[in-house]
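Asker: Just so you know, the protein sequences line up as chains Y and S, in that order.
Letter 52 of the first sequence, counting from 1, is numbered 51 in numbering that gives the first Met the number 0, and no numbers are missing.
Letter 13 of the second sequence, counting from 1, is numbered 12 in numbering that gives the first Met the number 0, and no numbers are missing.
Protein chains: 2
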Amino acid sequence: MAGRGPMRAAPSPERATMNGTEKNDKAADFANYFCTYAFLYHQKEMLSDRVRMEAYYNSVFKNAHHFQGKVVLDVGTGSGILAIWAAQAGARRVYAVEYTDMAKHAAKLVAANKMDHIVEVIQGSVEEIDLPEKVDIIISEWMGYFLLRESMLDSVLVARDKWLKPGGAMYPSHARMWLAPIKSGMGEHKMQDYEASMNDWVHFTQNTRHAFGVDMSTLSNSYREEQVKYFLQTSLWQSLYPSQVVGQPALVKEIDCLTVTLDDVKAVSANFQLPVFDGETRVSGFAGWFDVRFQGSPSQAADETVELTTAPSINDTTHWGQQVFLLHPPLHVRDNDVVHGSILMTRSKTNHRLMDVVIKHAIGKGAETASAFHIE
Amino acid sequence: MAGRGPMRAAPSPERATMNGTEKNDKAADFANYFCTYAFLYHQKEMLSDRVRMEAYYNSVFKNAHHFQGKVVLDVGTGSGILAIWAAQAGARRVYAVEYTDMAKHAAKLVAANKMDHIVEVIQGSVEEIDLPEKVDIIISEWMGYFLLRESMLDSVLVARDKWLKPGGAMYPSHARMWLAPIKSGMGEHKMQDYEASMNDWVHFTQNTRHAFGVDMSTLSNSYREEQVKYFLQTSLWQSLYPSQVVGQPALVKEIDCLTVTLDDVKAVSANFQLPVFDGETRVSGFAGWFDVRFQGSPSQAADETVELTTAPSINDTTHWGQQVFLLHPPLHVRDNDVVHGSILMTRSKTNHRLMDVVIKHAIGKGAETASAFHIE
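1. By Cβ distance below 7 Å, which residues in the same chain neighbour residue 317 of chain S in space, the five residues on each side in sequence not counted?
2. For residue 98 of chain Y, does the three-state DSSP call read helix, strand or coil?
3. Going straight from the alpha carbon of residue 259 of chain Y to that of residue 237 of chain Y, what length do you get?
4. Can you list the residues of chain S that residue 52 of chain Y reaches, using a CB-CB cut of under 7 Å?
5. Within 10 angstroms of the Cβ of residue 8 of chain S, are there 16 or more other Cβ atoms? Answer buried if so, exposed if not.
6. In this structure, how does DSSP classify residue 112 of chain Y when only helix, strand and coil are distinguished?
7. Is residue 62 of chain S buried or exposed, if buried means 16 or more other CB atoms sit within 10 Å of its CB?
8. Shorter than 9 Å from the beta carbon of residue 39 of chain Y to some beta carbon of chain S?
9. Any C-beta of chain S sitting closer than 9 Å to the C-beta of residue 94 of chain Y?
10. Alpha carbon to alpha carbon, what distance is there between residue 347 of chain Y and residue 98 of chain Y?
11. Can you name the residues of chain S whose CB is closer than 8 Å to the CB of residue 203 of chain Y?
12. Can you list, in chain order, the residues of its chain with a C-beta nearer than 7 Å to that of residue 276 of chain Y? Leave out the 5 residues immediately preceding and following it.
13. Could you give the C-beta distance for residue 180 of chain S and residue 273 of chain S, rounded to a whole number, given that I count them as a contact under 8 Å?
14. Shortest alpha-carbon distance to residue 293 of chain Y belongs to which of Y:82, Y:307 and Y:195?
15. Since residue 85 of chain S and residue 96 of chain S are thought to touch, with beta carbons under 8 Å apart, how far apart are those beta carbons, to the nearest angstrom?
16. From residue 218 of chain Y to residue 197 of chain Y, what does the alpha carbon distance come to, in whole angstroms?
17. I think residue 336 of chain Y touches residue 363 of chain Y, with their Cβ atoms under 8 Å apart; what is that distance to the nearest whole Å?
18. If you pair each beta-carbon of the stretch 215 to 230 of chain S with each one of the stretch 143 to 160 of chain S, do three or more pairs fall below 8 Å?
19. Is it right to say residue 383 of chain S is buried, meaning 16 or more other beta carbons lie within 10 angstroms of its own, or is it exposed?
20. Use the C-beta contact count for residue 64 of chain S: other C-beta atoms within 10 angstroms, 16 or more gives buried, fewer gives exposed.
21. Kindly identify the DSSP beta-bridge partner or partners of residue 237 of chain Y.
22. Determine the burial state of residue 375 of chain Y: buried for a count of at least 16 other Cβ atoms within 10 Å of its Cβ, exposed for fewer.
23. For residue 155 of chain Y and residue 261 of chain Y, what's the separation of their Cα atoms in angstroms?
24. Relative to the alpha-carbon of residue 355 of chain S, which residue among S:183, S:332, S:329 and S:145 has its alpha-carbon at the smallest distance?
25. Would you mind sorting residue 270 of chain S into buried or exposed? The rule is 16 or more other CB atoms within 10 Å of its CB.
26. What distance in whole Å lies between the Cβ atoms of residue 253 of chain Y and residue 175 of chain Y, which are believed to be in contact at a cut-off of 8 Å?
27. Just checking: is the beta-carbon of residue 369 of chain Y within a distance shorter than 9 Å of some beta-carbon in chain S?
28. Is any beta-carbon of chain Y found at less than 9 Å from that of residue 214 of chain S?
29. For the stretch 70 to 96 of chain S, which residues have a CB atom closer than 7 Å to at least one CB atom of chain Y, in sequence order?
30. Measuring alpha carbon to alpha carbon, tell me which of Y:328, Y:332, Y:333 and Y:136 ends up nearest residue 191 of chain Y.
31. What whole-angstrom Cβ distance do residue 136 of chain S and residue 159 of chain S have, given they're in contact under 8 Å?
32. Would you report the Cα separation of residue 188 of chain Y and residue 139 of chain Y, rounded to the nearest angstrom?
33. Would you say residue 226 of chain Y lies against chain S (beta-carbon separation less than 9 Å)?
34. Is it right to say residue 20 of chain S is buried, meaning 16 or more other beta carbons lie within 10 angstroms of its own, or is it exposed?
35. Ignore the nearest five residues each way along the sequence and tell me which others in residue 285 of chain S's own chain have a CB closer than 7 Å to its CB.
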């Protein structure tokens with residue numbers, strides 16, 4: 000499946016820190032995260048996402064006069080596509096910053112599309128590079144699964160605070176995270192996989208004791224924990240059908256990209272009420288997705304607001320899919336039931352680009368359950 | 000498939016060096032390599048390899064008196080299995096060194112099997128830890144795909160040079176690498192995948208130009224290179240049937256673990272002659288595998304030599320499989336043809352645990368072709 004940076008939650012001896020200048024963290028961060036973006040195949044996956052491409056394309060060209068004569072910064076330019084569009088829309092100068100060797104391809108693409116007199120590709124981290132001037136617009140495609148996986152927004156905010164002129168605009172300008180109750184067969188599937196794995200462990204320990212004289216059963220609890228985490232507590236990438244959403248989605252996070260702080264984005268914490276639709280009887284779990292909007296800036300509102308949504312869809316799916324948090328067992332619900340509770344999403348201590356999620360949920364006046372997940 | 004440490008050939012900004020004490024290299028090395036070994040599921044995969052387990056078990060217990068009263072070092076103890084066997088066979092003391100948090104599980108396993116008065120688990124890199132004494136035996140399961148992938152032997156040699164008493168023994172004592180001509184349908188399969196990917200690129204560039212005004216064709220050569228490397232020049236893990244071997248295997252490397260130096264193992268360089276078996280008409284490529292032997296030491300030869308081979312087999316397959324290097328197009332051969340040439344395997348510049356391979360080959364007096372591969 001088209002992914003956004005496969006990453007392992009490496010139980011590193013050193014805790015991942017937010018200080019990107021630590022050499023060992025940068026090398027591990029590269030090995031864990033950045034390196035996938037250096038591959039053209041991966042860029043092509045994202046460039047083939049029609050909904051994504053159309054949203055960014057329209058956000059620029061339906062508001063072209065907001066780009067004319069302006070200075071633009073593209074954070075994480077990848078292949079250079081956003082930078083090229085900004086230049087084609089009339090920007091005076093575009094700084095296209097890219098950490099990986101993909102920057103070399105971006106420079107070629109800019110030149111081949113005759114925008115090299117406007118677009119300057121800079122290879123480096125946006126936290127560390129230097130620009131000759133401040134910018135009018137920051138454009139970036141920074142969103143990960145469920146918006147915040149990858150924590151790339153951090154880099155965009157550093158760029159904003161360092162390089163955006165007062166009154167400047169962020170593209171996108173706003174972002175929202177949504178949570179909804181869903182139904183899915185994947186819950187049973189994962190439970191079966193888990194149980195098969197545990198059965199296999201039993202045979203394994205018996206055989207290892209019998210054939211090789213070593214009793215592994217003392218590790219059974221640790222093995223179970225590992226398998227529970229892997230099969231039952233790891234969120235799944237899914238591209239859901241709209242009919243799988245069985246209740247009203249709730250807004251769990253709103254971000255104004257001009258004013259949000261780093262502290263604001265380090266955690267998502269919200270209560271929710273999810274009224275179940277008529278006729279639905281089962282809630283297998285929750286799905287999380289996001290949307291972003293391109294509204295321009297307060298002083299220069301977009302002529303036409305463009306929205307990019309990753310909600311479940313038939314025809315307008317995106318490579319982001321949704322992140323699915325499955326409950327074991329599923330919840331049984333009746334007409335007019337309301338699933339209420341809270342979601343708390345924080346960064347993994349071992350890798351700040353991955354997330355820990357706790358969803359507390361109850362039906363009506365029923366007892367509350369807390370379910371823990373990891374976004375890997 | 001049961002893997003041995005998934006690794007990416009990360010095009011890191013910093014070249015990977017052999018100096019393990021560089022903090023940034025260690026963190027990247029952990030993220031790239033070590034971390035998978037911290038998972039019980041991964042250990043279980045290796046512990047479930049019957050052929051592997053039987054070979055090591057027999058190497059110890061069929062020569063138990065060579066362990067009695069001795070001091071043993073287990074390099075990369077993982078779950079602790081080899082250390083426990085050494086203790087059960089009568090060792091006086093066993094130092095079980097493990098870099099990852101798996102060491103915590105090893106300590107529990109040692110205690111649960113009542114060997115904690117003999118086995119001391121030490122968490123750390125064998126290059127850096129300190130032992131109170133030198134050892135009589137070093138036992139280690141360090142072999143990666145095609146023997147040398149992962150370059151874990153480096154750590155075993157450091158341990159040997161630092162901690163093994165004169166006259167001490169290495170378990171295993173010897174290793175050999177083999178190369179053979181094979182037939183396989185995978186070559187056509189990979190070529191089809193490659194061609195589908197390139198066709199898709201054509202549609203992609205056309206669409207991006209038409210719908211979004213950006214001409215990506217300047218990146219076609221780079222994309223092709225990337226796809227050629229991925230589909231056609233990356234060795235495959237396969238568990239081959241013996242009937243797929245179509246000619247006489249050649250020995251391409253011999254290692255005496257007591258005397259081999261780090262320089263010796265940094266490259267494999269050998270000429271080969273591979274006589275094709277009667278009736279075979281096609282050579283799809285080459286397969287590489289290895290065997291190791293437990294012969295004890297010159298002063299204390301094993302009562303019974305145990306061999307662990309990863310050659311193609313029906314009943315005695317291992318999780319190592321073989322590494323397959325496919326030729327495009329395959330070679331057409333006739334009775335009594337001899338495929339001759341050379342293999343050169345060196346470490347990847349960006350990740351010393353991965354390999355670059357060049358196989359030069361010709362049939363009889365025919366022209367020589369050089370085919371390049373990567374072991375990822």
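Where is the CB? At the ideal position from N, CA and C, for every residue including glycine.
Answerer: According to the data block:
1. Locating residue 317 of chain S in the second sequence gives position 318, counting from the first residue. Closer than 7 Å at Cβ, skipping near neighbours: 48, 50, 51 and 309.
2. In the first sequence, counting from the first residue as 1, residue 98 of chain Y sits at position 99. It is coil, neither helix nor strand.
3. As a working mapping, residue 259 of chain Y is identified with position 260 in the first sequence. As a working mapping, residue 237 of chain Y is identified with position 238 in the first sequence. For residue 259 of chain Y and residue 237 of chain Y, the distance between alpha carbons rounds to 29 Å.
4. One-based indexing of the first sequence puts residue 52 of chain Y at position 53. The answer, in chain order, is 211.
5. Position 9 of the second sequence, counted from the start, is the residue given in the question as residue 8 of chain S. Legend: pLDDT at residue 8 of chain S = 33, less than 50; position of this residue unreliable, value from coordinates given subsequently. So residue 8 of chain S ends up on the buried side.
6. Position 113 of the first sequence, counted from the start, is the residue given in the question as residue 112 of chain Y. In the structure shown, residue 112 of chain Y sits in coil (DSSP, three-state: anything other than H, G, I, E or B).
7. Along the second sequence, one-based indexing puts residue 62 of chain S at 63. Its Cβ being crowded by 16 or more others within 10 Å, residue 62 of chain S is buried.
8. If you number the first sequence from 1, residue 39 of chain Y lands on position 40. For residue 39 of chain Y, the closest Cβ of chain S is nearer than 9 Å.
9. Residue 94 of chain Y sits at position 95 when you count from the first residue of the first sequence. No, because no Cβ of chain S sits closer than 9 Å to the Cβ of residue 94 of chain Y.
10. Within the first sequence, residue 98 of chain Y is the residue found at index 99, counting from 1. Within the first sequence, residue 347 of chain Y is the residue found at index 348, counting from 1. When rounded, the distance between both Cα atoms is 23 Å.
11. Counting from 1 along the first sequence, the entry for residue 203 of chain Y is found at position 204. Per Cβ cutoff of 8 Å: 43, 46 and 47.
12. Position 277 of the first sequence, counted from the first residue, corresponds to residue 276 of chain Y. Same-chain partners within the cutoff: 245 and 246.
13. In the second sequence, counting from the first residue as 1, residue 180 of chain S sits at position 181. In the second sequence, counting from the first residue as 1, residue 273 of chain S sits at position 274. So it is a contact: roughly 5 Å between Cβ atoms.
14. Locating residue 293 of chain Y in the first sequence gives position 294, counting from the first residue. Residue Y:307 is the option with its Cα nearest to residue 293 of chain Y.
15. Taking the first residue of the second sequence as 1, we reach residue 85 of chain S at position 86. Taking the first residue of the second sequence as 1, we reach residue 96 of chain S at position 97. Going by Cβ atoms, the distance from residue 85 of chain S to residue 96 of chain S rounds to 13 Å, so no, they are not a contact pair.
16. As a working mapping, residue 218 of chain Y is identified with position 219 in the first sequence. As a working mapping, residue 197 of chain Y is identified with position 198 in the first sequence. Computed Cα separation, rounded: 12 Å.
17. Here residue 336 of chain Y refers to the residue found at position 337 of the first sequence. Here residue 363 of chain Y refers to the residue found at position 364 of the first sequence. About 6 Å separates the two Cβ atoms, so the contact holds.
18. no
19. Only positions 0 to 375 of chain S appear in the structure, and residue 383 of chain S is not among them; the question remains open.
20. Here residue 64 of chain S is taken as the residue at index 65 of the second sequence, counted from 1. Classification of residue 64 of chain S: exposed, given that the 10 Å Cβ count is below 16.
21. Stepping through the first sequence from its first residue, residue 237 of chain Y is reached at position 238. Per DSSP, Y:321.
22. On the first sequence, residue 375 of chain Y is found 376 positions in, with the first residue counted as 1. Counting Cβ neighbours within 10 Å, residue 375 of chain Y comes out buried, since at least 16 surround it.
23. By 1-based counting over the first sequence, the position of residue 155 of chain Y is 156. By 1-based counting over the first sequence, the position of residue 261 of chain Y is 262. One C-alpha to the other measures close to 10 Å.
24. Numbered from its first residue, the second sequence carries residue 355 of chain S at position 356. Nearest in C-alpha terms to residue 355 of chain S, of all of S:183, S:332, S:329 and S:145, is S:145.
25. Counting from one through the second sequence, the residue named residue 270 of chain S turns up at place 271. It is exposed - the Cβ of residue 270 of chain S has fewer than 16 other Cβ atoms within 10 Å.
26. Residue numbering aside, residue 175 of chain Y sits at position 176 when the first sequence is read from its first letter. Residue numbering aside, residue 253 of chain Y sits at position 254 when the first sequence is read from its first letter. Residue 175 of chain Y to residue 253 of chain Y, Cβ: 5 Å. Contact.
27. For the purposes of this step, residue 369 of chain Y is taken as residue 370 along the first sequence, with counting starting at 1. Output row for residue 369 of chain Y: interface = no.
28. Position 215 of the second sequence, counted from the start, is the residue given in the question as residue 214 of chain S. For residue 214 of chain S, the answer is yes, since a Cβ of chain Y falls inside 9 Å of its Cβ.
29. 80, 83 and 87
30. Translated into the one-based positions of the first sequence, residue 191 of chain Y becomes position 192. Selected option, being the one with the closest Cα: Y:328.
31. Stepping through the second sequence from its first residue, residue 136 of chain S is reached at position 137. Stepping through the second sequence from its first residue, residue 159 of chain S is reached at position 160. Actually they do not touch by this definition, with Cβ atoms about 11 Å apart.
32. As a working note, residue 188 of chain Y is residue 189 in the first sequence. As a working note, residue 139 of chain Y is residue 140 in the first sequence. Approximately 37 Å, taken between the alpha carbons.
33. On the first sequence, position 227 is the one that residue 226 of chain Y refers to. Chain S, which has a Cβ nearer than 9 Å to the Cβ of residue 226 of chain Y, makes this yes.
34. As a working note, residue 20 of chain S is residue 21 in the second sequence. Its pLDDT being 32, under 50, residue 20 of chain S is placed unreliably in this model, and the value from its coordinates should be taken loosely. Looking at its Cβ environment, which holds fewer than 16 other Cβ atoms inside 10 Å, residue 20 of chain S is exposed.
35. Here residue 285 of chain S refers to the residue found at position 286 when the second sequence is read from its first residue. 178, 179, 180, 181, 324 and 358.
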